[in-house]
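Here is the structure we will look at.
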Amino acid sequence: MIAAAFAMPATGQEAHGSTDHSATESMNGASKDYMEAMKKMDEEMGGMEMSGKPGVDFAMMMIPHHQSAIDMAKAYLASGENDPELAKLSNEIIAAQEDEIAFLKGWLEKNAN
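Everything in the sequence shown is counted per full-length UniProt numbering, starting at 1 for the first residue and increasing by one.
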């Protein structure tokens, strides 16, 4: 049962690309914010032109992926639900992902040519 909750298609892009984001119209609060973060990530990643360089492509794709995690963590914190474990995790995600985005942007500046 737990394995089924984490089962994903063979490619990550299919997992996000097939999500019906039109359902957000009937949502509110954090749930809508989570779906909007996913939609934004899908649009950014789907519109990227791949360079053919694995490292460059990885770094480019990870930036919107990490930003989506930050957006979702911030949405959780703004939701008003105050689970201390999830709040701690959300804050850790924000800090870690912001640092990783800064690293990836710097790496791309040096290596994307």
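By construction, the Cβ of each residue, glycine as well, lies at the ideal position given by its N, Cα and C atoms. Since the structure is predicted, the reported quantities are computational estimates derived from the model, not experimental observations.
Between the CA atoms of residue j and residue i - distance to the nearest angstrom
| i | j | result |
| --- | --- | --- |
| Ser68 | Met41 | 6 Å |
| Leu108 | Met60 | 8 Å |
| Gly80 | Ala96 | 22 Å |
| His66 | Glu98 | 8 Å |
| residue 123 | Lys39 | Past the boundaries of the shown model lies residue 123; the chain is included only from 1 to 113, so the question cannot be answered. |
Cβ-based burial, residue i [other Cβ within 10 Å; buried from 16]
| i | result |
| --- | --- |
| Asp83 | exposed |
| Ala37 | buried |
| Pro54 | exposed |
| Ala102 | exposed |
| Met35 | buried |
Collapsed DSSP secondary structure at residue i in the structure displayed
| i | result |
| --- | --- |
| Glu49 | coil |
| Ala112 | coil |
| Glu36 | helix |
| Asp57 | helix |
Contact under 9 Å by Cβ, residue i with residue j
| i | j | result |
| --- | --- | --- |
| Glu63 | Lys110 | Per the sequence presented here, residue 63 reads as Ile, with Glu not at that position. Against a cut-off of 9 Å, the Cβ pair of Lys110 and Ile63 comes out as no contact. |
| Ala112 | Tyr76 | no |
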